[in-house]
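Enquirer: This is the structure, below, for whatever I ask next.
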Amino acid sequence: MNEFKHYTVMLNEAVNALECDNSEKIYVDATLGGGGHSELILKKISPHGRLFSFDVDIDAIEASKTRLANYQNLTIIHDSYVNIKCNLEKLGISKITGGIIYDLGASYHQLTTLNRGFSFKYDAPLDMRFNCGENFSAWDVVNKYSEAELVNIFSKYGEEHYSKRIAHAIVKSRPLNTTLQLANIILHAVPKTNSRIHPATRVFQAIRIEVNHELLNFEKSLKEVVSLLDSGAIISIITFHSLEDRIAKSILKNLSLNCRCEKNVPVCKCEGKLVELVNKKPICPSEEEIKLNPPSRSAKLRVARRV
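For any residue, its number in my numbering is found by taking its place in the sequence shown, counting from 1, and adding 89.
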């Protein structure tokens with residue numbers, strides 16, 4: 090395995106939001122990654138507190154097992170955060186008493202590992218799977234989806250203006266097997282501009298999101314995990330693009346309403362207000378962090394507390 094490199098974005102801000110100093114409560118890191126957030130949580134909580142960290146990427150699991158080997162109050166779970174509830178139930182945990190942290194998107198390790206196929210900067214098989222045990226990959230999207238399906242995901246997940254041109258060019262050029270083949274097709278399908286953003290950026294993002302069901306999984310997980318949170322437990326969410334942030338903002342805002350029933354319902358039948366927003370506007374990385382790690386400039390942190 091290549092050395093696992095990962096810069097932990099908004100490390101202190103996201104973990105400090107959990108208010109976990111010397112806590113004996115139960116915490117969850119939904120996206121273990123390089124282990125940066127998990128490590129700081131473990132440093133802060135009491136030895137009697139517990140942390141359960143999830144990831145589908147075996148490279149992340151192995152790297153973090155080594156990094157965090159000295160912590161006895163950590164349980165690393167090789168599974169998606171969409172399955173937090175069932176995994177905790179198996180371990181006899183019914184409530185997350187302290188809080189949960191999400192750090193969404195692909196890791197630096199995934200983006201820069203040649204054979205993972207996440208980047209158009211290197212020639213690699215069309216892969217893009219977070220979980221290498223899954224059978225479905227970027228190759229399936231690029232070579233099996235209809236032109237209309239490609240247009241839909243490029244528009245929806247990539248917010249790509251030239252979705253139709255790109256989808257048509259891909260279908261005409263099949264089969265495509267590598268990242269550079271795909272990037273080259275995209276490059277020639279769109280008009281030349283002065284933008285510093287590579288023309289393939291949005292399409293690669295869209296395919297990655299589709300392959301890993303990122304937005305669907307995040308939405309499902311966030312809605313479900315609220316019922317697991319004890320009163321006072323905190324949700325800390327780092328997003329990296331507008332689609333993720335829109336979901337986080339929308340769900341948290343909806344859960345913060347005093348009533349979510351339909352307007353024509355005479356008596357409130359919902360559970361009422363479930364969370365309070367700790368920050369109504371997202372927290373952004375410091376200028377110092379952006380200088381150290383330019384990709385962090387797009388990160389946004391939203392925090393809410395279970396009532």
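In this text, a Cβ means the ideal position worked out from N, Cα and C, and glycines have one as well.
According to the neighbour-count rule (16 or more other Cβ atoms, all chains shown, within 10 Å of its Cβ), is Asp144 buried or exposed?
Expert: That one is buried.
Enquirer: Using a threshold of 8 Å, state whether the C-beta atoms of Ile390 and Ser331 are closer than that.
Expert: The question names Ile, but residue 390 in the sequence shown is Leu. No, Cβ-Cβ distance for Leu390 and Ser331 is not below 8 Å.
Enquirer: Check for me: the beta strand (DSSP E) holding Ala388 runs from which residue to which?
Expert: From DSSP, Ala388 is part of no beta strand (DSSP E); its letter is neither H nor E.
Enquirer: Taking 8 Å as the cut-off, decide whether the C-beta atoms of Ile115 and Ser142 are in contact.
Expert: No, the Cβ-Cβ distance between Ile115 and Ser142 is not below 8 Å.
Enquirer: Just how far apart, CA to CA, sit Ser385 and Pro355?
Expert: One C-alpha to the other measures close to 47 Å.
Enquirer: Can you check DSSP and say which residues form a bridge with Gly188?
Expert: Gly188 is bridged to Tyr116, Ile323.
Enquirer: Distance, Cα to Cα, Arg285 vs Arg205?
Expert: So the two alpha carbons sit approximately 24 Å from each other.
Enquirer: Decide if Asp110 is buried, meaning its Cβ has at least 16 other Cβ atoms within 10 Å, or exposed.
Expert: Asp110 is exposed by the Cβ-count criterion.
Enquirer: For Ala337 and Asn172, what's the separation of their Cα atoms in angstroms?
Expert: If you take the alpha carbons of Ala337 and Asn172, they lie about 18 Å apart.
Enquirer: Please determine if the segment 297-306 and the segment 264-277 are in contact, where contact requires at least 3 C-beta pairs separated by less than 8 Å.
Expert: No, the segment 297-306 is not in contact with the segment 264-277.
Enquirer: What would DSSP say about Ala106, mapped onto helix, strand or coil?
Expert: It is coil, neither helix nor strand.
Enquirer: Who are Pro214's beta bridge partners in DSSP?
Expert: Looking at the DSSP assignment, Pro214 forms a beta bridge with Thr267.
Enquirer: Just to confirm before moving on: does the CB-CB distance between Leu107 and Gly194 stay below 8 Å?
Expert: No, these two residues do not count as a Cβ contact at 8 Å.
Enquirer: With a cut-off of 8 Å on the beta carbons, I'd call Ala158 and Gly123 a contact; round off their distance for me.
Expert: Wrong, their Cβ atoms sit about 15 Å apart, outside the cutoff.
Enquirer: Checking 8 Å against the spacing of the C-beta atoms, do Ala388 and Phe329 come in under that value?
Expert: Yes.
Enquirer: What residues in its chain sit with their C-beta under 7 Å from that of Glu365, if we drop five residues either side in the sequence?
Expert: Excluding sequence neighbours, Glu365 sits near Ser345, Ala393, Arg394, Val396.
Enquirer: What does the alpha-carbon distance come out to for the pair Asp229 and Glu223?
Expert: Going from the Cα of Asp229 to the Cα of Glu223 covers about 12 Å.
Enquirer: Can you tell me where the beta strand (DSSP E) with His287 in it begins and where it stops?
Expert: From DSSP, His287 is part of no beta strand (DSSP E); its letter is neither H nor E.
Enquirer: Rounded C-beta distance between Asp192 and His126? I'm assuming under 8 Å.
Expert: Between His126 and Asp192 the Cβ distance is about 6 Å, and since that is below 8 Å, they are a contact.
Enquirer: Near His287, which residues of its chain fall below 7 Å by C-beta distance, leaving aside the five closest residues on each side in sequence?
Expert: Contacts found: Phe209.
Enquirer: Starting from the C-beta of Ser112, find all residues in its chain whose C-beta is less than 8 Å away, skip the five residues before and the five after it, and write them out in chain order.
Expert: If we look at Ser112 and ignore the five residues flanking it on each side, its Cβ neighbours are Lys133, Ile134, Ser135, Gly138, Gly187.
Enquirer: Roughly how far, in whole angstroms, is the beta-carbon of Phe219 from the beta-carbon of Asp146, given that I think they are within contact range, below 8 Å?
Expert: About 5 Å; that satisfies the 8 Å criterion.
Enquirer: Considering only their Cβ atoms, is the gap separating Val98 from Ile327 smaller than 8 Å?
Expert: Yes, they are a contact pair.
Enquirer: Since Ala119 and Ile190 are thought to touch, with beta carbons under 8 Å apart, how far apart are those beta carbons, to the nearest angstrom?
Expert: So it is a contact: roughly 7 Å between Cβ atoms.
Enquirer: Buried or exposed: Glu303, going by 16 or more other Cβ atoms within 10 Å of its Cβ?
Expert: It is buried - the Cβ of Glu303 has at least 16 other Cβ atoms within 10 Å.
Enquirer: Can you tell me which of the three DSSP states Val300 falls into?
Expert: Here Val300 sits in helix by DSSP.
Enquirer: Taking buried to mean at least 16 other C-beta atoms within 10 Å of its own C-beta, is Ala237 buried or exposed?
Expert: Flag for Ala237 reads exposed.
Enquirer: How big is the Cα-Cα spacing for Ser316 and Asn306?
Expert: The alpha-carbon atoms of Ser316 and Asn306 are separated by roughly 16 Å.
Enquirer: Quick check on Ile327 - is its C-beta less than 8 Å from some C-beta in chain D?
Expert: Of the chains in the structure shown, none is chain D; there is only one protein chain.
Enquirer: For Ser291, which option in Ile185, Ala152, Pro383, Phe207 has the closest C-alpha, if you only look at C-alpha atoms?
Expert: According to the sequence provided, residue 291 is Arg. The question's Ser does not apply to it. Checked all of Ile185, Ala152, Pro383, Phe207; the closest Cα to Arg291 is Phe207.
Enquirer: Taking Cβ positions, are Tyr251 and Val279 nearer each other than 8 Å?
Expert: Yes, they are a contact pair.
Enquirer: Look up Glu365 in the DSSP assignment and give the residues it is bridged to.
Expert: Glu365 is bridged to Arg394.
Enquirer: What number of angstroms, rounded off, separates the C-alpha of Leu381 from the C-alpha of Glu102?
Expert: Using only the alpha carbons, I get a separation of about 16 Å.
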